[in-house]
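Undergrad:
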Amino acid sequence: MVSTPPVRDRPSTPVAAPPRSAASARSVRSVLFAVAALELAAAGCKRHPPVTRPASVAVVPPAPAAPIPAAAPVDRPRRIKRVVIISEDGLRPDALMNVLPPVHAEIMKHAAFSLQARTIRRASTLPSHAAMLSGFDVKQHGLYWNSWKPERGYIQVPTIFDAAEQSGMGAAAFVGKKKLEHIAHPGSVDVFSRSGYFCKKVVEEASQYLVDKRPQIEFIHFSDPDDLGHSDGWMSNAQLEAVRHTDRCLRTLLDATAAAGLDRDTLFIISADHGGHGHNHSGKIKEDRLIPWIAWGPGVRAGHRIVSPISTVDTAATTLWALGYPPTPGAIGRPVLEAFDPETIAASGPSRTGTLKGFLKPPAKSSDEQSSSSLTRSPPTSF
Ligand SMILES: [Zn+2]
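Numbering (my numbering), first residue to last: 71 to 453.
(1) Could you give the C-beta distance for L203 and H252, rounded to a whole number, given that I count them as a contact under 8 Å?
(2) Helix, strand or coil, according to DSSP, for L320 in the structure here?
(3) Less than 8 Å separating the beta-carbons of A165 and S352?
(4) Name the one or two DSSP bridge partners that F292 has.
(5) Measuring alpha carbon to alpha carbon, tell me which residue in V272, H180 and N168 is nearest G373.
(6) Hey, out of L337, V154, I402 and P397, whose CA is closest to V273's CA?
(7) Would you list the one or two residues that DSSP bridges to W366?
(8) Quick check on the contact list: which residues have their beta carbon closer than 6 Å to a heavy atom of ligand 1?
(9) Looking at the unbroken alpha helix (DSSP H) that takes in V259, where does it start and where does it end?
(10) Using 8 Å as the threshold, is the C-beta distance between V359 and R188 below it?
(11) Cα separation between P163 and A417?
(12) Would D282 be called buried (16 or more neighbouring beta carbons within 10 Å of its own) or exposed?
(13) So P228 and T389 are supposed to be a Cβ contact under 8 Å. How far apart are they, rounded?
(14) Note down the Cα distance separating G257 from A243, rounded to an integer number of angstroms.
(15) If you measure between the beta carbons of L27 and P295, is that distance less than 8 Å?
(16) Which same chain residues, not among the five before or five after Q309, have their C-beta less than 7 Å away from its C-beta?
(17) Would a C-beta distance cut-off of 8 Å place L332 and A392 closer than the cut-off?
(18) Indicate the three-state DSSP secondary structure (helix, strand or coil) for S418 in the structure shown.
(19) What do you get for N454, buried or exposed, if any count of 16 or more other CB atoms within 10 angstroms of its CB means buried?
(20) Residues in the same chain with beta-carbon distance under 8 Å from G348, minus the five sequence neighbours each way, listed in chain order, please.
(21) Assign R222 to one of two classes, buried (16 or more other C-beta atoms within 10 Å of its C-beta) or exposed (fewer than that).
(22) Tell me which same chain residues have a C-beta within less than 6 Å of the C-beta of I287, skipping the five on either side of it?
(23) Just mark A329 as buried or exposed, buried being the case when its beta carbon has 16 or more other beta carbons within 10 Å.
(24) When you compare only the Cα positions, how much space is there between N307 and H315?
(25) Helix, strand or coil: which one does DSSP assign to R314?
(26) With W363 and I380 assumed to form a contact (beta carbons below 8 Å), what rounded beta-carbon distance in angstroms separates them?
(27) To the nearest angstrom, how far is the alpha carbon of R191 from that of N216?
(28) Measure the C-alpha to C-alpha separation of H344 and I290 and round it to an integer number of angstroms.
(29) Beta-carbon separation of F292 and G246 under 8 Å?
(30) Tell me, which residues are paired with R375 by DSSP?
(31) Taking only three categories from DSSP, how would you classify F410?
(32) Nearest by alpha-carbon distance to T385: which of V261, K151, S157 and R149 is it?
(33) Less than 8 Å between the CB atoms is what I'm expecting for A409 and V377, so what's the real figure, rounded?
(34) At a Cβ threshold of 8 Å, is A241 touching chain B?
(35) Considering F244, what are the terminal residues of the beta strand (DSSP E) in which it resides?
(36) Residues in its own chain within less than 6 Å of L213 by CB, not counting five upstream and five downstream?
Encoded structure:
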């Protein structure tokens, strides 16, 4: 069982950010709030009143939004060399827009995004993340439970980690919850790490690894919004404060990647596994299933509000497409092409040979066993 650390472990120091003009910040906020209001009205959601912090909550001065470099124009096919997926556990789109923390706001200014994406019907952490990272729903991927049960083995379909592993390109996962290891077949990731429960420790390790090892696919999981949603309620002041925590963690990641020059050829996908209401989430109501979906990187349409429907299974399909892998046979996810410039789409197409095979109902293995799969390896393909 994963123990829940005390709330005091949450980061409380604002991340230093370069200044940007107040007028620009107001402009970004006004545009994003207008978009959010329209989308949430369309979804029948009620706007939540402005956040009033209780006296017991430490007040963190809002960090000025730092400039996020605009995605570079596509000057040749395959500018995207790696994909980093950040999942903010339990983050409702209206929670994000209620807070509109500075780093997310700046990213969205240069990103293609939807506040109407949906997770699968079984809106809980393990089944939803398995769908996000494989492109299959529960009936196919087989992870219908929501806890760490090593005797049950691993996901029953190929994942994006398998694609990178088969090509020798490297994949890694940094998470706050042990149960997510069910999604990583043994050998499919070079590192599966849970250095902490909340995002601060997770992102520090994830950022260092990304800069040092530069895997083709890195998955990063932030627990904070879900934890405070269960303890204090979704859309509570405490849960909204958790959104600010993840914003600062995101800043840590982006600072590291920018300093290393990785932002020029990395596609970032920021999403969530589910939302929530009251103190829980089941998937029965839309507040449980609505999730944000934000893509930012080279070849992505800047400031574009995606109107086509997005499911969490599309995250896997988009990742494979962006990296030149063929779609996984039988997967229900589809690449979110609306997020990309026409030039990027025109230059796209599977550039790698072979398809993902194996892992259909694999035997249960312990996490430290080496994979003995019969996966067909594809030769690495340069971009
Ligand atoms: Zn969750």
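C-beta: ideal position from N, C-alpha, C; glycine also.
TA: Well, looking at it:
(1) Indexing the sequence shown from 1 puts residue 203 at position 133. Indexing the sequence shown from 1 puts residue 252 at position 182. That pair is no contact at about 11 Å.
(2) One-based indexing of the sequence shown puts residue 320 at position 250. It is helical.
(3) In the sequence shown, the residue the question calls residue 165 occupies position 95. In the sequence shown, the residue the question calls residue 352 occupies position 282. For A165 and S352, no; Cβs fall outside 8 Å.
(4) Residue numbering aside, residue 292 sits at position 222 when the sequence shown is read from its first letter. Paired residue(s): E158.
(5) On the sequence shown, position 303 is the one that residue 373 refers to. Ranking V272, H180 and N168 by Cα distance to G373 puts H180 first.
(6) For this step, residue 273 is matched to residue 203 along the sequence shown. Considering only alpha carbons, the answer is V154.
(7) In the sequence shown, the residue the question calls residue 366 occupies position 296. Answer is F338, bridged to W366.
(8) D159, G160, T195, D296, D343 and H344
(9) Residue 259 sits at position 189 when you count from the first residue of the sequence shown. Premise fails: V259 is in no alpha helix (DSSP H) and is neither H nor E.
(10) Position 289 of the sequence shown holds residue 359. Position 118 of the sequence shown holds residue 188. Residue identity check: residue 359 is Arg in the sequence provided, not Val. The answer is yes: Cβ separation under 8 Å.
(11) For the purposes of this step, residue 163 is taken as the residue at position 93 of the sequence shown. For the purposes of this step, residue 417 is taken as the residue at position 347 of the sequence shown. Going from the Cα of P163 to the Cα of A417 covers about 32 Å.
(12) Looking up residue 282 in the sequence shown gives position 212. Looking at its Cβ environment, which holds fewer than 16 other Cβ atoms inside 10 Å, D282 is exposed.
(13) For the purposes of this step, residue 228 is taken as the residue at position 158 of the sequence shown. For the purposes of this step, residue 389 is taken as the residue at position 319 of the sequence shown. Between T389 and P228 the Cβ distance is about 12 Å, and since that is not below 8 Å, they are no contact.
(14) Counted from its first residue, the sequence shown places residue 257 at position 187. Counted from its first residue, the sequence shown places residue 243 at position 173. Looking at the two C-alpha atoms, the distance is approximately 12 Å.
(15) Lying outside 71 to 453, the shown extent of the chain, residue 27 is not represented and no answer is given.
(16) Position 239 of the sequence shown holds residue 309. Counting only Cβ-Cβ distances below 7 Å, and skipping sequence neighbours, we find A165, P295, L298, G299, D302 and G303.
(17) Residue 332 sits at position 262 when you count from the first residue of the sequence shown. Residue 392 sits at position 322 when you count from the first residue of the sequence shown. No. Outside cutoff.
(18) Numbered from 1 along the sequence shown, position 348 holds the residue referred to as residue 418. Looking at S418 - three-state DSSP - the assignment turns out to be coil, as it is neither helix nor strand.
(19) With the chain running from 71 to 453 in the structure shown, residue 454 is simply not present.
(20) To locate residue 348, count along the sequence shown from 1; it is residue 278. Same-chain partners within the cutoff: G303 and W304.
(21) Here the question's residue 222 lines up with position 152 in the sequence shown. Exposed is the call here.
(22) Within the sequence shown, residue 287 is the residue found at index 217, counting from 1. So the list reads V153, I230, A234 and A241, once near-sequence residues are dropped.
(23) As a position in the sequence shown, residue 329 is number 259, starting the count at 1. So A329 ends up on the exposed side.
(24) The residue labelled residue 307 in the question sits at position 237 within the sequence shown. The residue labelled residue 315 in the question sits at position 245 within the sequence shown. Looking at the two C-alpha atoms, the distance is approximately 13 Å.
(25) The residue you call residue 314 lines up with position 244 of the sequence shown. The answer is helix: DSSP assigns R314 an H, G or I state.
(26) Indexing the sequence shown from 1 puts residue 363 at position 293. Indexing the sequence shown from 1 puts residue 380 at position 310. About 5 Å separates the two Cβ atoms, so the contact holds.
(27) As a position in the sequence shown, residue 191 is number 121, starting the count at 1. As a position in the sequence shown, residue 216 is number 146, starting the count at 1. So the alpha carbons of these two residues sit roughly 14 Å apart.
(28) Within the sequence shown, numbered from 1, the residue matching residue 344 stands at position 274. Within the sequence shown, numbered from 1, the residue matching residue 290 stands at position 220. Answer to the nearest angstrom: the Cα atoms are 15 Å apart.
(29) Reading the sequence shown from its first residue, position 222 is the one you call residue 292. Reading the sequence shown from its first residue, position 176 is the one you call residue 246. Against a cut-off of 8 Å, the Cβ pair of G246 and F292 comes out as a contact.
(30) Residue numbering aside, residue 375 sits at position 305 when the sequence shown is read from its first letter. In DSSP, R375 forms a bridge with F183.
(31) If you number the sequence shown from 1, residue 410 lands on position 340. Correct three-state label for F410: strand.
(32) On the sequence shown, position 315 is the one that residue 385 refers to. Of the listed residues, the one whose Cα sits closest to T385 is S157.
(33) As a first step, residue 409 is located in the sequence shown; it is residue number 339 there, counting from the start. As a first step, residue 377 is located in the sequence shown; it is residue number 307 there, counting from the start. With 8 Å as the limit, A409 and V377 do not qualify as a contact, their Cβ atoms being about 11 Å apart.
(34) No chain B is present in this structure, which holds just one protein chain.
(35) Taking the sequence shown and counting its residues from 1, one reaches residue 244 at position 174. Run containing F244: A241 to F244, per the beta strand (DSSP E) assignment.
(36) Position 143 of the sequence shown, counting from 1, holds the residue named residue 213. Excluding positions up to five away in sequence, the list reads L196, P197, A200, I225 and H252.
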